[in-house]
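Here's the structure, in structure tokens; my notes come after.
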Amino acid sequence: LASSGINAEYGYVKLSVNNDYSASISPEIRQKILEWNAIDLRLYNHFAEKMKRLLAEQDEDFWAEVAELKKINAKFWQQCYNNILPVFDGNKLGYSLHETHAQNTTCKTLATDDFTQTHVIGMKQFKDTLSPSDILMVRNHMQNLRKYNPAMLGWADVHKVLNPDIPADPDTVNEL
């Protein structure tokens, strides 16, 4: 990506969508949820208003930078991904990689959900103390998600993160 002039540090890949579940929630349940989350809603509204004010105060330079970031992201997306796959798990998106970027770790990492990335980071930090069952749980989670999001990190990618000095053996990379 860097050779094409795209700074992947600024790349962004949308992984979640907000589905409208309100049609399936009764008015009584909706009211209870609003009551239970009243403080959260007040915080959200406060910062949403603050964000509106801050955005309204921005000058042309700010908006030019926003436009540039959008262009960078569009180029990044065009280079990495073929298309968006159907929504799964209620609110997650999947992607398919361009063949030319099938081994590009940046493209894969940005298409990987936060739950999986958190587990990969934890595995790297605590790899000497993790039980095989913990590692197996993460591997199984990743294998299940890859059915819907083939662009995300694979187990071989995690092996590279956990063992950067040990080449991955294709015959044993799926073993613990």
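Sequential numbering of the sequence shown, starting at 45, is according to my numbering. Built from N, CA and C at the ideal position, the CB exists for glycine as well.
In this structure PHE120 is buried. Its beta-carbon is surrounded by 16 or more other beta-carbon atoms within 10 angstroms. According to DSSP, ILE128 shares a beta bridge with TYR139.
With a minimum length of 4 residues, the unbroken runs of alpha helix (DSSP H) contained wholly in the stretch 55-126 fall at 71-80, 82-100 and 104-124. Sixteen is the threshold: when 16 or more other Cβ atoms of the shown chains lie within 10 Å of the Cβ of ALA195, as they do, the residue is buried.
One thing to note: ASN126 has its Cβ no nearer than 7 Å to the Cβ of HIS145. In this structure the stretch 83-93 does not lie against the stretch 158-174, because fewer than three pairs of beta carbons, one per stretch, are closer than 8 Å.
For GLY198, the number of other beta carbons within 10 angstroms of its own is at least 16, and it is reported as buried.
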